[in-house]
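Everything below concerns the one structure shown next.
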Ligand code: ZNH
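Numbering (our numbering), first residue to last: 118 to 258.
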């Protein structure tokens, strides 16, 4: 469960990204493809070289979805309901992969934010990404 303090930290942290969302998303994806190569099998139609238009475009979409989730922290299931359908019924992404993306995103944030990525922020972002993952995985059968 996200505490009120976690929510505040997540919102503050997101506020610090200021315009770098696409880059952050692209870096996190690229890192995921390289540190967890089986994740690439979901993107056979993408050019997976670093900084490709497709990675950037997809990174932007993923980070925008997370931004939207952050505006709806008390209502995640509803805010992510369409994406949850998409991942469960159409894409059939094995939920184990959500952890990989979460981890990669955290490394990217830590690299960018340095000291500001304190243990408290780390913990809040980790909980947030787990909450997102459980909503995205909630319709799997
Ligand atoms: Zn996912 C898609 C989000 C994870 C795979 N995604 C997507 C989108 C979004 C997202 C927003 C778009 C949609 C539309 O267009 O409508 N994801 C997301 C999030 C997350 C995720 C938020 C977490 C956190 N995914 C994931 C993973 C994977 C995936 C982990 C694997 C590995 N997705 C995917 C795919 C797709 C998507 C494959 C499709 C792409 C294209 O474009 O084709």
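All C-beta atoms, glycine included, are put in the ideal place defined by N, C-alpha and C.
- Per DSSP, reduced to three states, the secondary structure at residue 228 is helical.
- With contacts defined by Cβ atoms closer than 8 Å, residue 242 and residue 148 do not form a contacting pair.
- Secondary structure at residue 173: helix, using DSSP grouped into helix, strand and coil.
- In this chain, the alpha helix (DSSP H) harbouring residue 150 covers 138-152.
- Taking 8 Å as the upper bound for CB-CB distance, residue 253 and residue 217 are not in contact here, some 13 Å apart.
- Between residue 205 and residue 249 the beta-carbon gap is near 14 Å, outside 8 Å, which marks them as no contact.
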